[in-house]
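J.: Let me give you the structure first, and then I'll get to my questions.
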Amino acid sequence: MTYELYYWDGIPGRGEFVRLALEQAGADYVDVARTDGGMALMMAMMKTKTSGFTPFAPPFLKDGDLVISHAANILLYLGNRLGLAPDDEAGRLTANGLQLGITDFVAEVHDVHHPIGVSLYYEDQKDEALRRAEDFRGERLPKFLSYFEKQLAKNSEGQVHALGHALSYVDLSLFHLVEGLRYAFPNTMATAEPEYPLLVALNAQVRDLPRIKAYLASERRLAFNEQGIFRYYPELDAS
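Have a look at this one:
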């Protein structure tokens, strides 16, 4: 059965973490909001008053009659089905914990450019964003990246993986995380990356996977832009 992925059209965002897993697995899926009438269908699903689960916001995934919301929850569901998670319960829970850590970090990335309110424009909170960015670059970014680097160090023999010795959806998500940070904070990352050689190596390994390489070169891959989570505002990056 074809998976149906629902996420905002035009931005990679949190939906990209799910897309990467589906692409690497060669899964049959539809990016619904990018089809004719797809955005209206997605909005209708979030506003429905019928019985059953109503997702609060995208991303959410529809598999038959089942609807699963939130990127980490979706990946927990898809992990074993796509061969991108450990077989044992402890491993699956560890993978989910790491993905939730990525979720926390992504929220902090977003709050750099929107520290006061999501409904406000960036220009309406620019002074606060400048202060938030300084703290993010100096404290939060190294704190999270150091944590993930230490996790990779536990599995550093040969191929670099977040857990065990096989590719998982966590590896794909860390790839996207580094890509997003390179877009939003290019100067900061250029300075910081030598401190995180395993994250850099993992990013390169994932980029070189045949299906990921084909996906990145395709029209299905949405470019980063200033409407998504990872936004490039030069004044928020280190000089």
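Going letter by letter, the sequence shown gives residues -10 to 228 in our numbering.
Just so it is clear, CB atoms sit at the ideal spot from N, CA and C, and this is done for glycine as well.
No experiment lies behind these values; they were computed from the predicted model shown.
1) Looking at the unbroken beta strand (DSSP E) that takes in Ser58, where does it start and where does it end?
2) For Lys38, does the three-state DSSP call read helix, strand or coil?
3) Since Lys51 sits in a beta bridge, which residues does DSSP pair it with?
4) By how many angstroms is the C-alpha of Arg70 removed from the C-alpha of Asp17?
5) In angstroms, rounded to a whole number, what distance separates the CA positions of Arg121 and Gly217?
6) Check the DSSP bridge columns for Val19 and list the partner residues they point to.
7) Within 7 Å of any Cβ in chain B, is that where the Cβ of Ala84 sits?
8) Is the stretch 109 to 123 touching the stretch 155 to 166 in the sense that three or more CB pairs, one from each, lie closer than 8 Å?
9) With 16 other CB atoms within 10 Å as the buried threshold, where does Ser207 fall?
10) State whether the stretch 184 to 200 contacts the stretch 209 to 225, with contact taken as three or more CB pairs (one from each stretch) at a distance under 8 Å.
11) Please report the straight-line C-alpha distance between Val101 and Met32, rounded to a whole angstrom.
12) Quick check: Val7 and Ala79, are their CB atoms within less than 7 Å of each other?
13) Could you work out which residue in Asp124, Tyr66, Gln148 is closest to Val195 when comparing CA atoms only?
14) Within a Cβ cutoff of 7 Å, which residues of the same chain sit near Tyr172, ignoring the five residues on either side of it in sequence?
15) What separation, rounded to the nearest whole angstrom, lies between the Cα atoms of Ile63 and Met34?
16) On the three-state DSSP scale, how would you describe Glu215?
17) On the criterion of 16 or more Cβ atoms from any shown chain inside 10 Å, does Tyr(-5) qualify as buried, or is it exposed?
18) Would a C-beta distance cut-off of 7 Å place Leu50 and Ala10 closer than the cut-off?
T.: Checking against the coordinates, here is how it stands:
1) Counting along the chain, the beta strand (DSSP E) containing Ser58 begins and ends at 55 to 58.
2) Reduced to three states, the DSSP call for Lys38 is coil.
3) Glu(-7), Val56, per the DSSP bridge assignment.
4) When rounded, the separation of the alpha-carbon atoms in Asp17 and Arg70 is 12 Å.
5) Straight-line spacing of the CA atoms in Arg121 and Gly217 works out to 18 Å.
6) In the DSSP output, where bridge partners are listed per residue, Val19 has Glu(-7).
7) Absent from the structure: chain B. Only one protein chain is present.
8) The stretch 155 to 166 vs the stretch 109 to 123: no contact.
9) It is exposed - the Cβ of Ser207 has fewer than 16 other Cβ atoms within 10 Å.
10) Taking 8 Å as the limit for Cβ pairs, the verdict is that the stretch 209 to 225 does not touch the stretch 184 to 200.
11) Going from the Cα of Val101 to the Cα of Met32 covers about 27 Å.
12) No, the Cβ-Cβ distance between Val7 and Ala79 is not below 7 Å.
13) Nearest C-alpha to Val195: Gln148.
14) Closer than 7 Å at the Cβ level, and outside the excluded window around Tyr172, lie Phe213, Phe219, Tyr221.
15) The C-alpha of Ile63 lies about 17 Å from the C-alpha of Met34.
16) Assigned with DSSP and collapsed to three states, Glu215 falls in coil, not helix or strand.
17) Looking at its Cβ environment, which holds 16 or more other Cβ atoms inside 10 Å, Tyr(-5) is buried.
18) No, the Cβ-Cβ distance between Leu50 and Ala10 is not below 7 Å.
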